[in-house]
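The structure appears right after this line, and notes come after that.
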Amino acid sequence: MKNKNSLSRRNFLTKSALSAGAVGLGLVQVQGAELKSTEKGSDGDQSPINIAEEKPKTNSDGKVIAPSPLIYINTLFDNGSPLFWNIESDGKITIELLYDYERNTINRANSHWHFQLLAKPGSDLTLVLKNFYNIWNGYLDLTDATEETICFVSEDGLNWKSIQTKLLDGQKLEVKVHMNSESLFVSRLEPYGLSDLELLKAEIAKHSLVKITEIGKTFEGRPLEIIRIGHSDAPYRVFIRSRAHAWEVGGNWVVQGLIRSLISDSFKSNRYLDRYAVYIMPMANKDRVVRGGTRFTVGGVNLNRNWDKAADPKYNPENAALETWLEQMIKHGLRPDLAIDIHNDGQGNLHFSHPSVNLEKYMNNMNRFEKILRKHTWYTEGAKKSSFKNSGTFGEGLVERYGIDAFIYELNANWIEGLSKVPYGEDWELLGKQLKEVFYDYFKNE
Ligand SMILES: [Zn+2]
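This is the structure we're talking about:
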């Protein structure tokens with residue numbers, strides 16, 4: 017078993033901020049056509065919802081049996097996940113998570129949960145999380161429910177602690193929790209919601225090294241921003257995008273660590289910012305983050321696909337705004353020299369692209385970057401082999417369409433090999449802090 021860590025600290029996040037982001041209540045989407053039970057009823061009922069299975073257990077008087085200390089499950093807050101729940105006759109609580117869907121494909125995804133349990137203090141609850149039959153690139157994929165999948169709990173929504181899950185029947189996750197008080201938040205990873213980003217922006221907005229520019233709006237009209245740290249006339253530029261996939265919080269923690277580190281000491285920062293400027297799109301898939309989803313935008317788009325052609329601004333305003341911004345940067349002689357799209361998965365590799373043009377120069381740069389990353393950070397995981405190709409991703413699109421050295425960094429969501437521990441927000445913030453030295457070295461050798 018992996019180690020259980022002490023509480024991490026997120027002192028900057030206040031309780032009022034937790035509720036401040038609770039926008040868009042009543043958002044639960046009806047996706048019933050795909051939400052049929054995975055097991056057929058014994059009566060052979062083919063309807064999408066098997067009523068016989070869903071019916072609560074009752075006693076001889078017809079009264080529903082609910083032998084549970086559970087009072088309520090709240091999901092209506094920033095990044096809270098839509099779900100159904102049911103108290104079973106054995107007292108376990110089944111939690112049916114909802115998939116989000118990609119338009120024009122059969123792909124669907126559920127890897128995220130974030131909800132607040134309200135229950136009798138002192139009680140123990142057993143939760144069974146369901147619906148991990150994801151469809152990824154057209155294939156059934158159960159890799160988000162594994163022996164390694166971790167979970168986080170917090171009494172106040174500020175201080176989080178990792179706990180283990182137990183894989184049941186190869187496709188469900190059991191989570192056991194103890195209620196020290198009436199309330200307990202439960203989340204896939206240490207959360208980073210839109211309210212956290214708003215707090216960070218408020219903290220840094222007036223700093224002389226920071227410029228925040230709105231470059232467009234999401235499908236639901238939320239502003240999309242680029243945060244620049246440093247000077248527009250710096251010799252080199254690095255672009256970082258995070259949170260293209262809503263459940264993958266790692267990138268938000270990394271860029272928060274990088275930003276705070278670069279502006280914390282102006283004398284030392286100048287050493288870095290005389291050499292390079294950092295441009296960050298911190299939360300590409302804001303709508304789905306707010307709604308507590310997993311992967312696709314509310315417009316049904318995978319922001320890490322179809323980069324081989326221009327994004328449709330109607331359904332994919334997130335990527336369309338980013339493309340327009342990149343084109344403007346290039347037009348003004350400010351082409352990024354390096355671009356990183358930060359994600360989470362269960363492995364933690366760098367995914368270099370394999371473009372049809374200038375492959376040798378690109379691969380030399382990427383191999384050099386990896387070497388420097390190993391030297392200055394806790395990264396040890398490795399890079400995908402050159403045979404790996406995932407067409408239409410951010411990396412390939414930026415290399416082939418814009419001539420930018422770009423790649424994808426998949427942070428392992430469950431384990432950091434270099435630190436021998438499960439990842440907390442502060443561990444990813446540390447990586448961000450260490451990245452400033454990586455960029456310094458990388459651009460020195462250009
Ligand atoms: Zn991803």
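Numbering (the numbering used here), first residue to last: 17 to 462.
Idealized CB from N, CA, C, for every residue including glycine.
- When the five nearest sequence neighbours on each side are left out, the beta carbons in the same chain lying within less than 6 Å of the beta carbon of GLY267 are those of SER258, ARG259 and ILE358, in order along the chain.
- Within the region 107-140, the complete beta strand (DSSP E) segments at least 3 residues long are 109-113 and 130-135, listed from N- to C-terminus.
- Residue pairing by DSSP puts ILE243 in a beta bridge opposite ILE228 and ILE296.
- GLU264 and LEU213 have their C-alpha atoms spaced approximately 14 Å apart.
- Secondary structure note for ARG417: its alpha helix (DSSP H) is the uninterrupted segment 410-418.
- Note that the region 153-171 does not touch the region 103-118; fewer than 3 beta-carbon pairs, one per stretch, sit closer than 8 Å.
- HIS392: not part of any beta strand (DSSP E); member of the alpha helix (DSSP H) spanning 375-392, first to last residue.
- According to the DSSP assignment, ARG304 belongs to no beta strand (DSSP E) but to the alpha helix (DSSP H) extending over 302-306.
- Taking the Cβ atoms as the reference, ASN147 lies roughly 5 Å from ASN126, within the contact range of under 8 Å.
- Per DSSP, the beta bridge partners of LEU86 are ALA135.
- GLU264 has its Cβ nearer than 6 Å to a heavy atom of ligand 1.
- In the three-state reduction of the DSSP assignment, LYS405 falls in the coil class.
- The beta carbon of GLN272 lies closer than 7 Å to those of LEU216, GLU445 and GLY448 in the same chain, with the five residues before and after it left out.
- Each of LYS79, SER105 and GLU198 was checked against the Cα of PRO137, and the nearest Cα belongs to GLU198.
- About 6 Å separates the CB atoms of ILE245 and ILE275; that is less than 8 Å, so the two are in contact.
- A Cβ-Cβ separation of about 7 Å places ASN360 in contact with GLU426 under the 8 Å criterion.
- Secondary structure of GLU198 (DSSP, three-state): coil.
- Between GLY315 and ALA327, the alpha-carbon positions lie close to 12 Å from each other.
- With respect to VAL438, SER178 sits close: the two C-beta atoms are nearer than 7 Å.
- Following the DSSP letters along the chain, one finds ASP212 inside the alpha helix (DSSP H) bounded by residues 210-220.
- The C-beta of PRO239 has fewer than 16 other C-beta atoms within 10 Å across all chains shown, which makes the residue exposed.
- In the three-state reduction of the DSSP assignment, SER170 falls in the strand class.
- The beta carbon of HIS359 sits closer than 6 Å to at least one heavy atom of ligand 1.
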